[in-house]
Amino acid sequence: MDLEYGPEYQDFTKKVQSFCKKYKGLSFKDRANTPLVSSGGSGGPEMHRSEWQKILIENGYFARSVPKEYGGYGGEADIIKSRIIAAEFSKSKTPTPMGGQGIDMLVPTLLEMGTEEQKQAYIKPTLHGEMIWCQGYSEPNAGSDLASLQTKGELVGDEWVINGQKIWTSTAQYSQMCFCLVRTEPDAPKHAGISYLLIPMDTPGIEIRPLVDMTLKPGFNEVFFTDVKIPEGNIIGKRGEGWAVANATLGHERGSLAPPDATMNRVNMLIHLMKKETLDGKPLIEHPIYRDRLMQIQGKVLAQQSHALRLLSAKLNPGTDVKIGKMIQKLTGTELRHELEGLAIDVMGEIGTLYEDSPHLKNDGTWQFIYMYFLGLIIGGGTSQIQKNIIAERGLGMPKEPKIQGA
Amino acid sequence: MYFGLSEEQSFFKDNVKKYLEDNASLDQIRKIASNDETSIGKEIHQGFLNLGVNGLLIPEEFGGLGLDLLFAAVVSESLGACVGPVPYIAPYVMAPTAIMAGGSPTQKENYLTKIASNEILVGVGFSEFIGSRNDAGLTFADGVLKGRTMFVMDAQVATHFLLADKLGQMFMLDAKAPGVEIINLTTVDKTRQYAEIICKDVPADLLELSSLSTDPISRSIDAGRIMLAADTLGASQAMIDQAVDYAKERKQFGRAIGSFQAVKHMCAEMVADLEPCYALVWHAAHCHDSSPDEAKLMACHAKAHVSEMGKGIAKKATEVHGGMGFTDLLGLHYWFKRIGVNRQMLGSPELVREEAMQSQL
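What follows is the structure in structure tokens.
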């Protein structure tokens, strides 16, 4: 057991700290287009988000291992440096780089499986935040059973003609592009009939309808495709290989939904709140029942933080078996975050139900918002029940449910 | 940066497990539990000592191996996995830790050397400090101890006791001294022994530093709690493994019951609950040695959290086995009971979480 990063990282930490100091209080001229993205501070420099992306890349604090010719920093991947960057940014409240499905999912996919031409065309503007992507996977009748999707793509001449409907499409209204799973081989078995297509969102025939979720924000959309025509070359991998391409990135999404360090930050915020807020004149932290529930959650989060260290160590020291350890992350991380946000609401009681711009609202109403938002994340990206199937079947080798004929 | 067990720690852990699998099978444990053959327990204990367990934490200058608490934790995990029927946490982890932290140079020299050479075996009773029940209570004056304390660990096989009063002062006394009465306490877990001890003016040796602050006893309790967490970790994993194997084999409605989501989801939940406990226990053991600021918090959370996860797993793993899980035929209940007793010893989850809170206010 050795939890020190080593002396070579001390200089790096100092460098990051002075960078964060330089941009203290940074604010943005443009709004964030997804919730939970850093909204910036005040009293410091002001700039557009894309400028910030470029500064972060130049310094190696973002897109570190993406080659220079595609707009990245062009350095070696360094997990410890990434961790130091994340920790220092979080400590100093420096705005983190933009995330989103283009950056988190499409870029890694392109780097792994894209053609040279695709890498040249898409990676740089995506990293700079100038090209926003949405993900066209789920359909009204293809949720957990994603491979049964029915949106059709037909090659007519040198163009794909796409017809069908996608749902749960976050950020579609802001996106320039969509990476989309489309059934192009109707006669092939269900997993083998899908292709991974790249669709410009300004193509005629695309209609976007906002889907208001329980937080009352239009977090999602429905996207309708009617005779949408895109060039034949807008495909990653070969025809019928889309399922494998998509799976490479879904794994990536699942791990990153609820990092335990972020959850621990919220635990600390809750402790602060419980010291300040009173019930019958007594600080909430002095109420034994709330206090015990707080400690139960803190214990769970500590376990997940320690677990994340174990997974980090396994990345740095290949050969350690953490297969099941990785599989549980999406399930445990999203469930725990939801539980924590719910505890804060319970602790506040009636005050905890306040929302939007009500008087007496605490912490900008984030507890209620994230409580609901995380119920969405528990369901999205493979529901908790699907995660349990994966853990049991792929992790423990338990037998699958017998297949029903024709399904 | 490396987070995990070293090769030596993994090797030691496997060695202990192999020894127990070879020498303390379920049949043997059944015999010990029914008090049929008391010699079996002694033999298993002797073989266990041959692995060097008694001197594990004791510094080399006193004849021990001077290893870290993570080593001790992996031994505990293997003991839990095999419901090992041997004294361990009290005599070889808590007593040495208490003496190292609270003993004078003479006391260290005297007791640590004897523990390392197996001349003495120290049972530990700290209930008065952690949470005194009903009419228990120990008082120390003029060099003698008076009163009673409950749940002294491994008292029946001990040559000495290390007992605490409610101030956290620790006293070493001879188990055979006149005025010592040992009353057997039978818990549901027959793999380990607990007793109530009544002292009538028994001469006792106060660990010198333990009269100045509660740090020495606190350190020993932290170590003990991490050991109990590790024991529950090992026992819980053993229950999951048995449940998963059973669910793959057992057929109903023409298919393995493990193919039903109702069953496989229980297995997945158990794994998702337990997997992060490994890292928590290892991390707590590491902090105990290397990060004093976090040591208390981590030890408390390891004990409380693993107890909670273990309780759920003990229930679910039994349920996966259906009626067979409830019988004595499979013996699954030995693990169930071990986990149940670990949960209450050295502070139930609520008590321990309150300490976790106190440590950060």
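Top line first, the protein sequences correspond to chains F and R. First residue of the first sequence? That's 1 in my numbering, and the numbers climb one at a time after it. First residue of the second sequence? That's 1001 in my numbering, and the numbers climb one at a time after it. We put the beta carbon where it would ideally sit given N, CA and C, even for glycine.
- Taking 7 Å as the upper bound on Cβ-Cβ separation, chain R lies near residues Ser-313, Leu-316, Asn-317, Thr-320, Ile-324 of the region 313-324 of chain F.
- Straight-line measurement puts the Cα of Leu-331/F at about 8 Å from the Cα of Lys-388/F.
- Proximity of Phe-1336/R to chain F, defined by a Cβ-Cβ separation below 7 Å, is not satisfied.
- A distance below 6 Å between beta-carbons, with the five flanking residues on each side excluded, links Glu-207/F to the following residues of its chain, in chain order: Phe-224.
- Taking a C-beta distance under 7 Å as the contact criterion, Val-301/F and Leu-311/F do not qualify as a contact pair.
- Look at the beta carbons and you see the region 1150-1161 of chain R touching the region 1120-1135 of chain R: at least three pairs across the two are nearer than 8 Å.
- Taken through DSSP and simplified to helix, strand or coil, Arg-291/F comes out as helix.
- Taking all protein chains shown into account, Asp-1231/R has 16 or more neighbouring C-beta atoms within 10 Å of its C-beta and is therefore buried.
- Interface annotation, Leu-309/F: in contact with chain R, CB-CB separation under 7 Å.
- With fewer than 16 other beta carbons inside 10 angstroms of its own, Asp-1135/R counts as exposed.
- Three or more Cβ pairs drawn from the region 162-175 of chain F and the region 198-213 of chain F lie within less than 8 Å of each other, which places the two stretches in contact.
- Gly-71/F is positioned such that its CB atom lies closer than 7 Å to that of Lys-124/F.
- Bridge partners of Gly-1125/R according to DSSP: Leu-1163/R.
- Checking the DSSP bridge columns, you'll see Gln-165/F partnered with Phe-224/F.
- Interface annotation for the region 80-114 of chain F against chain R: Ile-80, criterion Cβ-Cβ distance under 8 Å.
- It is roughly 25 Å from the alpha-carbon of Leu-197/F to the alpha-carbon of Thr-383/F.
- Within 10 angstroms of the beta-carbon of Val-1188/R lie fewer than 16 other beta-carbons, which makes it exposed.
- For Glu-1077/R, the three-state secondary structure derived from DSSP is helix.
- Taking a beta-carbon distance threshold of 7 Å, Pro-1105/R does not count as an interface residue toward chain F.
- With the criterion set as a beta carbon lying under 8 Å from some beta carbon of chain R, the region 346-362 of chain F has no members that meet it.
- Sorting Phe-1326/R, Ser-1210/R, Cys-1267/R, Thr-1113/R by C-alpha distance to the C-alpha of Ile-1058/R places Thr-1113/R at the top.
- Boundaries of the beta strand (DSSP E) harbouring Ile-1198/R: 1194-1203, taken from the DSSP string.
- Between Leu-3/F and Met-1270/R, the alpha-carbon positions lie close to 28 Å from each other.
- Shortest Cα-Cα distance from Ser-1307/R to any of Asp-213/F, Gln-304/F, Leu-316/F, Gln-296/F involves Gln-296/F.
- Counted as a single uninterrupted DSSP element, the alpha helix (DSSP H) harbouring Gln-118/F occupies residues 116-127.
- Contact of Cys-1267/R with chain F is assigned, a C-beta pair being separated by under 7 Å.
- The beta carbons of Gln-1169/R and Ser-1211/R sit closer together than 7 Å.
- Shown in chain order are the members of the region 1221-1241 of chain R whose Cβ falls below 9 Å from a Cβ of chain F: Ile-1240.
- Asn-163/F and Thr-151/F have their C-alpha atoms roughly 6 Å apart.
- At a beta-carbon threshold of 9 Å, the residues of chain R lying near Gln-296/F are Ala-1304, His-1305, Glu-1308, Pro-1349, Arg-1353, ordered along the chain.
- Taking C-beta atoms as the reference points, Phe-1048/R and Val-1086/R count as a pair closer than 7 Å.
- In terms of Cα proximity to Leu-1079/R, the closest of Ile-1257/R, Met-1150/R, Met-1227/R is Met-1227/R.
- CA-CA distance, Ser-358/F to Val-156/F, rounds to 55 Å.
- Using a Cβ-Cβ cut-off of 8 Å, Gly-382/F is close to nothing in chain R; its nearest Cβ partner there is about 13 Å away.
- The Cβ-Cβ distance between Leu-1070/R and Met-264/F does not fall below 7 Å.
- Boundaries of the beta strand (DSSP E) around Ser-195/F: 194-200.
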